[in-house]
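In our numbering, the protein residues as written are 191 to 545.
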């Protein structure tokens with residue numbers, strides 16, 4: 191009787207030992223497998239120009255794509271079709287777990303401030319507006335970094351080149367330059383102010399006019415403004431209006447004058463593009479993402495990162511083959527003077543509207 195009782199008990203004990211052993215082995219195997227680290231998440235919220243503006247939003251998205259490829263970040267884009275999309279898009283971007291949310295454009299300032307205040311643990315950045323809390327109008331979040339550019343330096347360079355060219359080869363006997371801005375906002379005005387200043391440095395014979403299309407999307411509006419300026423004698427027209435500004439370059443081509451691109455290098459459109467006032471939004475976005483990924487919670491906010499000629503943030507693009515090498519050398523010399531600080535205090539506001 192005792193032997194019969196012992197045998198089942200021994201079998202049960204043996205099974206228990208085997209189960210424990212197998213369990214321990216499985217646990218050891220699990221501990222050897224390391225979970226892949228989660229990717230740093232970044233969200234980009236566009237302005238109303240969209241990703242196909244071949245300018246501002248296009249460049250911001252380019253910077254994000256480079257960061258995805260080189261830094262391995264998880265990047266997403268929220269496209270704004272109107273100003274009413276800003277807050278919902280920024281909110282969705284913050285809620286999707288992004289460590290950094292980037293608002294593309296000056297017009298998004300109030301929306302970024304509002305959403306950043308609601309998500310204080312999320313880092314935000316805004317292009318073309320200050321990130322300093324005290325400079326926001328209504329709410330004052332401290333988790334925003336401003337990404338600013340000295341557009342006046344880029345404007346100065348293309349204004350200098352345009353003036354030298356128009357003096358060398360007047361248009362219909364006149365030495366006039368034109369510029370078409372989108373909305374009258376600080377980044378646009380800084381480009382135009384620099385354009386005036388650079389032209390003045392090049393020659394006192396040159397006169398400059400400018401106007402605004404009141405739009406960043408509709409190319410027909412910008413084209414109309416440019417055609418008016420050309421009809422009034424402008425032999426070079428500078429576009430500072432994003433996607434709308436492509437209409438300026440189209441008008442220049444139709445009327446046989448030079449156009450100047452903005453933000454991205456738009457020389458690919460043809461030799462009628464004298465050059466472009468470049469604003470390296472892609473580089474700024476990439477560097478901002480890289481800094482946020484490396485420092486995370488320590489990513490510096492409540493301050494502004496500023497991009498200039500000296501640090502490669504602004505400049506000029508490809509120069510048309512129709513421009514003489516001598517003029518190219520002259521503008522290169524001016525660029526060095528700006529970078530070294532020998533040309534400084536370039537105006538940030540243009541004269542009153544002249545057209």
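Backbone N, C-alpha and C fix where the C-beta goes; we use that ideal spot for every residue, glycine too.
State buried or exposed for residue 289, treating a residue as buried only when at least 16 other CB atoms are found within 10 Å of its CB. buried
Is residue 526 helix, strand or coil by DSSP? helix
Note the first and the last residue of the continuous alpha helix (DSSP H) segment covering residue 280. 276-285
Do residue 430 and residue 382 come within 8 angstroms of each other at the CB atom, strictly closer than that value? yes
Round the Cβ separation of residue 353 and residue 389 to the nearest angstrom and send it over; I've been treating them as touching at under 8 angstroms. 4 angstroms
Those residues which DSSP pairs with residue 293 across a bridge: 235, 316
List the whole-angstrom C-beta distance separating residue 337 from residue 495, where the pair is believed to meet the contact cut-off of C-beta under 8 angstroms. Between residue 495 and residue 337 the Cβ distance is about 6 angstroms, and since that is below 8 angstroms, they are a contact.
Alpha carbon of residue 471 to alpha carbon of residue 480, nearest angstrom: Rounded to the nearest whole angstrom, the C-alpha separation of residue 471 and residue 480 is 14 angstroms.
Assigned exposure category for residue 286 - 16 Cβ within 10 Å defines buried: So residue 286 ends up on the exposed side.
Give a yes or no on whether the C-beta atoms belonging to residue 275 and residue 296 are separated by under 8 angstroms. no
For residue 362, count neighbouring Cβ atoms within 10 angstroms of its own Cβ and tell me buried if that reaches 16, exposed if not. exposed
Could you check the C-alpha separation between residue 528 and residue 451 for me, to the nearest Å? 20 angstroms
Secondary structure of residue 367, DSSP reduced to three states: In the three-state reduction of the DSSP assignment, residue 367 falls in the strand class, which pools E and B.
By the three-class DSSP mapping on this structure, what secondary structure does residue 337 have? strand
Does the distance from the C-beta atom of residue 267 to that of residue 251 stay below 8 angstroms? With a cutoff of 8 angstroms on beta-carbon distance, residue 267 and residue 251 are scored as near each other.
Reduced DSSP secondary structure (H/G/I, E/B, other) of residue 437: In the structure shown, residue 437 sits in a helix (DSSP, three-state: H, G or I).
Within the region 445-490, note down every full alpha helix (DSSP H) run reaching 4 residues or more, in order along the chain. 471-485
State the beta-bridge partners of residue 505 as determined by DSSP. 468
Rounded to whole angstroms, what is the Cα-Cα separation between residue 400 and residue 356? 16 angstroms
How about residue 490 and residue 261: do their beta carbons lie closer than 8 angstroms? When the beta-carbon positions are compared, residue 490 and residue 261 stay at least 8 angstroms from each other.
Could you give the residue range of the beta strand (DSSP E) that holds residue 496? Segment 493-497, the beta strand (DSSP E) holding residue 496.
Give me the residue from 241, 533, 347, 530 with the minimum Cα distance to residue 506. 347
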